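Residue numbers (UniProt numbering): 1 to 190. Ideal Cβ placement from N, Cα and C applies to all residues, glycine included. What you are looking at is a predicted structure, and each value in this text was computed from that prediction instead of being measured.
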């Protein structure tokens, strides 16, 4: 055998594309955590933005939250009347980076140390160029007292806490997520 040229290595790849896989990352109920017309239902809308403030049209935003009584359908929830609701939604971003969820406001949550977390929604973001997901939370501006006592929110630099607060709008709340740069959303290591 003569000398041959070794095969070239391929370049590093990032995660994606997300949406071309049948039955892949999409969720059957999509962004509908609760049905339209459900008591207390509202829309949580926003945009996924890059460091320059440009929309990210090929991302996935998902939420997981407690029900109105602060209960999860999860084996780690020690309360005997644990909820049977899923509290999960997943939404691909549109060409404008937009996403939305129809949900309800969760109740406050007890912590293992006896504290109480303010009502919040957990958010996961997957997008181009990101090998790992990022995780953040949405807090509600009308929960000032609960937010002030929340152990997670209290650990965030006061100058950055605003990146975790939703803004009321005519259909519910708005929560934009900026992946990096000025006004980057606070993300948590989990």
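Query, Result
"Same chain, Cβ closer than 6 Å to residue 134, neighbours up to 5 away in sequence not counted", "125, 187"
"Straight-line gap, residue 106 to residue 121 (C-alpha atoms, nearest Å)", "7 Å"
"Bounding residues of the alpha helix (DSSP H) (the contiguous stretch that carries residue 152)", "151 to 154"
"Residue 159 burial status per 10 Å Cβ neighbour count (16 or more: buried)", "exposed"
"Nearest-angstrom Cα separation, counted from residue 116 out to residue 161", "18 Å"
"Span of the beta strand (DSSP E) around residue 121", "120 to 126"
"Assigned exposure category for residue 72 - 16 Cβ within 10 Å defines buried", "buried"
"Segment limits, beta strand (DSSP E) that includes residue 100", "98 to 103"
"For residue 137, the three-state DSSP class (helix, strand or coil)", "strand"
"Same chain only: Cβ atoms within 8 Å of residue 183, ignoring 5 sequence neighbours per side", "163"
"In DSSP terms, what residue 62 is bridged to", "90, 124"
"Run of the beta strand (DSSP E) containing residue 47, from where it starts to where it stops", "42 to 49"
"Inter-residue spacing [alpha-carbon to alpha-carbon] between residue 52 and residue 153", "26 Å"
"Beta-bridge partners of residue 114, as assigned by DSSP", "Paired residues: none, contrary to the question."
"Between the CA atoms of residue 87 and residue 23 - distance to the nearest angstrom", "Confidence at residue 23 is low in this model, with a pLDDT of 44, below 50, so the placement of that residue should be treated as unreliable; the coordinate-derived value is given next. Cα to Cα, the separation comes out at about 20 Å."
"Straight-line gap, residue 110 to residue 59 (C-alpha atoms, nearest Å)", "32 Å"
"Where residue 71 sits in the DSSP three-state scheme", "coil"
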